[in-house]
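Before any comments, here is the structure.
What follows is the structure, given as structure tokens:
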């Protein structure tokens, strides 16, 4: 897997410098300890939302810093947790006197480091743990479910609530509620390669796919022969629905997320089938997000995410947002 | 190269259905002859902008239909020109009595079919031919330079002018001017595979890159060993500048375009170096666009595009736009 690279050590530093320069109207870089923050204060003080995690999933989380979503994001090296000093520095910088909510994907390293930061932080704070991946109950680096593309729904909806004045307890409760209303599952057609490792994370034959793959290339439910796109979608939709169990007729948000190496044309092909399948099963897909949002470097593959909506969650999804990756 | 696919014949049809459903607030599908149009009329009648070309480059052009950019886009099958009946039907549908401007990338098939449409069309019309790729003077399917990622700048700036009331002659002149002020060059790290062909368009060794590649995998200037990212950027910037010859101190728009298979982290790495290099050479990069906008299916690689700005072009770039791929 060939990459644009000078040296693996400098990749994150230089990419961050590029990113904040390209989006100087939205974000600023705090170099050491390293985090990216929203540029300029919000219209009024609010709960500060901070996320973070290993890099290599861009635009998650850096691309979601800005009005209506995150106040700061702490990036680790590729597929490596950020450290508590980053989270503490970010919290000190973006706290507005209304407390800090950490939004954390469920991986052992992230959970541990955000917990340390939470305990050390002298500002009132709470944590939402995102665990939307229904593929497996335990994974390589995780106890319990992994947090994957559903993180975007948590960050967007809680971000909108915080912007509208929800307090820390309300933001925490909402984040947990969105997490429970959200489920995801993915499939990989290829591996990815961590720059510092310089080789594919896993091997897969030319006619195989990994059903239920994680966003770091963690094993899923099984390896099997590549199927037709429709059959893949139907399996993912089925696995998600049997977990979420939405009531008949429920409105849902459908998110088709590319892992980085799959063309947009194919993502829309998946979206078409998923929408048709959901409709045929008696649900109402009324909101859509299709594109590369929670990536796994250059992995070819995609995940489906469903969030069961109600009028409150729909309004929070629709609320204005201005970040480098979501903007409406 | 593994793909999400049912059958290659149905890919475009199903992907289009997914796309218009996911973006029903912005676009509508006209199924036969096939084109995508802006949903709802603009606030006031204006010159209608129509583009199109082979699919496989998404979000180009379909993702640029909407307020402030295109009124319609005509997609061909993957890497295959659309046909004159599509362009004629689109023109009949979106003409508002102020004429039609076709924006065409310079490939023999596209040029021929848009010319036929232009001649048959009984509505006043003009054509802007985009030829921004400085890599080679003639290519596999092209006489003269290829049209590549600079098409986005032409569509955005002319789109803003049309929205603001420019007439057909002004839009045509502006499009030609943006084309002359814009130059691009790309590099491929991998090939791509056309779904109907089912195999890689070209072969490349694991340690090679193609400097000056086209967006269908056409050969560039040379094949050589993969270099450091900084060296690649410096060569692309040098080639573009020696063609554009901006005056010292000129303001430029820098577009780092991913071909589909390169992670965002790497694109920002390229952006960082390109910005530094341009600044060091005495130019002022003041606007940025970084991401996958003119793709070549799943190809790993990227192109750089520069547009030399003046106050008019900068204002046209900054003007509001609401499409599925550009939105500000």
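Chains as they are written, first to last, in this note's numbering: chain A, 2 to 329; chain B, 2 to 329.
Note that beta-carbon positions come from the ideal geometry of N, C-alpha and C, so glycine has one too.
Remark: C-beta atoms of residue 161 (chain A) and residue 317 (chain A) approach each other more closely than 8 Å. Proximity of residue 318 (chain A) to chain B, defined by a Cβ-Cβ separation below 8 Å, is not satisfied.
For residue 233 (chain A), the chain B residues whose C-beta falls within less than 8 Å of its own C-beta are 5, listed in chain order. At least one CB atom of chain B sits nearer than 8 Å to the CB of residue 272 (chain A).
Counted as a single uninterrupted DSSP element, the beta strand (DSSP E) harbouring residue 186 (chain A) occupies residues 183 to 189. For the 8 Å CB-CB criterion, residue 299 (chain B) and residue 261 (chain B) form a contact.
Separation of residue 145 (chain A) and residue 72 (chain A) (C-alpha to C-alpha, rounded to the nearest whole angstrom) is 27 Å. Taking a beta-carbon distance threshold of 8 Å, residue 22 (chain B) counts as an interface residue toward chain A. Between residue 203 (chain A) and chain B, the shortest Cβ-Cβ separation is not below 8 Å. Contact between residue 69 (chain A) and residue 247 (chain A) is ruled out by a C-beta separation of about 26 Å, above the 8 Å threshold. Following the DSSP letters along the chain, one finds residue 280 (chain B) inside the alpha helix (DSSP H) bounded by residues 265 to 281. Any Cβ of chain B closer than 8 Å to the Cβ of residue 146 (chain A) would place that residue at the interface, and such an atom is absent.
Shortest Cα-Cα distance from residue 231 (chain A) to any of A:271, A:224, A:259 involves A:271. Chain-order list of chain B residues neighbouring residue 56 (chain A): 266, by C-beta distance under 9 Å.
In the DSSP assignment, residue 254 (chain A) falls within the unbroken beta strand (DSSP E) covering 252 to 259. Taking a C-beta distance under 8 Å as the contact criterion, residue 254 (chain A) and residue 223 (chain A) do not qualify as a contact pair.
In this structure, the straight-line span from the alpha carbon of residue 174 (chain B) to that of residue 54 (chain A) is close to 48 Å.
Of the residues assessed, residue 297 (chain A) falls on the buried side of the cut-off, its CB having 16 or more other CB atoms within 10 angstroms.
In this structure, A:49 is the residue among A:326, A:324, A:147, A:49 with its C-alpha nearest to the C-alpha of residue 126 (chain A). About 13 Å separates the Cβ atoms of residue 110 (chain A) and residue 140 (chain A), ruling out a contact at the 8 Å cut-off.
Look at residue 60 (chain A): its C-beta is under 8 Å from a C-beta on chain B.
For the options B:325, B:26, B:308, the alpha carbon positioned closest to that of residue 42 (chain B) is the one of B:26.
Taking C-alpha positions only, residue 216 (chain B) is separated from residue 18 (chain B) by approximately 24 Å.
Annotation for residue 105 (chain A): the continuous beta strand (DSSP E) segment containing it runs 101 to 106. Under DSSP, residue 226 (chain A) takes part in a beta bridge, and its partners are A:209.
Note on geometry: alpha-carbon atoms of residue 304 (chain B) and residue 259 (chain B) lie some 7 Å from one another. According to the DSSP assignment, residue 161 (chain B) belongs to no beta strand (DSSP E) but to the alpha helix (DSSP H) extending over 152 to 164. Secondary structure within the region 71 to 154 of chain A: the beta strand (DSSP E) runs of 3 or more consecutive residues, fully enclosed, are 73 to 79, 101 to 106, 126 to 131 (chain order). Between the alpha carbons of residue 24 (chain A) and residue 325 (chain A) lies a gap of roughly 7 Å. About 7 Å separates the beta carbons of residue 169 (chain B) and residue 99 (chain B), which is inside the 8 Å limit, making them a contact pair. A residue is called buried once 16 or more other Cβ atoms fall within 10 Å of its Cβ, and residue 276 (chain A) is buried on that count.
For residue 187 (chain A), the closest C-alpha among the options A:16, A:226, A:91, A:136 is that of A:136. The beta-carbon of residue 324 (chain A) is placed no less than 8 Å from the nearest beta-carbon of chain B. Contact between the region 119 to 134 of chain A and the region 34 to 41 of chain A is absent: fewer than three C-beta pairs spanning the two stretches fall below 8 Å. DSSP places residue 27 (chain A) outside both helix and strand once states are collapsed to three, so it counts as coil. In the three-state scheme derived from DSSP, where H, G and I count as helix and E and B as strand, residue 21 (chain B) is classed as helix.
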